[in-house]
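Residue numbers (the UniProt record's numbering): 1 to 222.
Where a beta carbon is used, it is the ideal one built from N, C-alpha and C, also for glycine.
Predicted, not measured: the structure shown is a model, and the values here were computed from it.
Shown next, in structure tokens, is the structure this report addresses.
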Amino acid sequence: MPNNIIFNETAEELKAQVFGLKGTTLQSLQLDDSGNLMISGSMTVSGPVTVVAESLSIRALSGDTDSVAISGTVTVAGTVTVGNTVTVVAESLSIRSLSADTDTVSIGGTVNVIKTGNSFTENNATITDVAGTGVTLLFDSSQQTLYSYYVKNNAANTIQVRLQISPTDNDDYFINDQTVATDVSPESAVVIAPKYFLRYTRLYYDTGTYTADFEAYCNGHV
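What follows is the structure in structure tokens.
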């Protein structure tokens with residue numbers, strides 16, 4: 001029998017079949033219709049992998065279907081609007097007293113103020129053995145919301161009293177608060193309240209030609 005050459009010397013017709021070892025069994029490797037090696041199961045790739053993505057659809061994130069996890073430090077410039085409930089846990093807080101020099105407090109909505117008491121002011125004077133006219137109990141009424149004068153006549157003759165008011169404590173500026181003076185009968189008392197408001201108030205008295213003896217009080221509250 002002749003000894004024929006078993007090698008094909010035409011390069012275009014050269015073919016080879018590749019086998020892989022599965023356990024102890026040789027199996028041929030399978031290609032798909034495009035000539036790519038078919039791989040099934042999982043594969044571990046070491047080193048960088050370049051992925052080319054085309055025809056992507058980019059849309060706005062939705063709070064109903066999407067979630068974003070953020071780690072590290074995030075710096076936000078501008079205004080952030082939070083549309084749901086956010087729970088914030090604060091730890092290691094430093095709490096100090098507020099300072100009028102460095103701190104401000106803004107109150108929004110309705111503020112209810114409950115007043116539990118009033119600041120009370122009182123002055124008094126006793127006039128004895130005087131005759132004619134005079135003034136007493138000069139009072140700075142600028143900080144008072146309500147005030148009045150009480151006069152008690154301890155003498156045997158009637159005296160007249162009235163309030164005088166002024167924007168300053170200078171005698172030249174005082175005018176009568178009321179046109180008609182109030183008579184105070186012997187052993188009786190009256191209360192006089194101002195009709196008009198200015199900063200200073202005082203009590204004017206007129207005993208006529210008789211010697212007077214009376215007590216005067218000024219009470220006010222804020």
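With the cut-off set at 7 Å, would you say residue i and residue j are in Cβ contact?
i           : j           : result
residue 207 : residue 159 : yes
residue 171 : residue 194 : no
residue 225 : residue 101 : Because the chain here runs from 1 to 222, residue 225 falls outside it and cannot be looked at.
residue 201 : residue 131 : no
residue 215 : residue 126 : yes
residue 17  : residue 34  : no
residue 164 : residue 220 : no
residue 182 : residue 192 : yes
Would you decide whether residue i is buried or exposed? Buried here means 16 or more other CB atoms lie within 10 Å of its CB.
i           : result
residue 24  : exposed
residue 98  : exposed
residue 205 : buried
residue 173 : exposed
residue 146 : exposed
residue 161 : buried
residue 136 : buried
residue 89  : exposed
residue 139 : buried
On the three-state DSSP scale, how would you describe residue i?
i           : result
residue 267 : In the structure as shown, the chain starts at 1 and stops at 222, and residue 267 therefore has no counterpart that could be examined.
residue 204 : strand
residue 140 : strand
residue 149 : strand
Would you report the Cα separation of residue i and residue j, rounded to the nearest angstrom?
i           : j           : result
residue 111 : residue 142 : 26 Å
residue 233 : residue 116 : As displayed, the chain neither begins before 1 nor continues past 222, which places residue 233 out of reach and without an answer.
residue 66  : residue 48  : 28 Å
residue 124 : residue 93  : 55 Å
residue 196 : residue 203 : 14 Å
residue 209 : residue 189 : 20 Å
residue 86  : residue 107 : 23 Å
residue 43  : residue 71  : 30 Å
residue 185 : residue 109 : 56 Å
residue 45  : residue 53  : 19 Å
Mind pulling the alpha helix (DSSP H) runs of 4 or more residues that sit fully within the stretch 66 to 110? none
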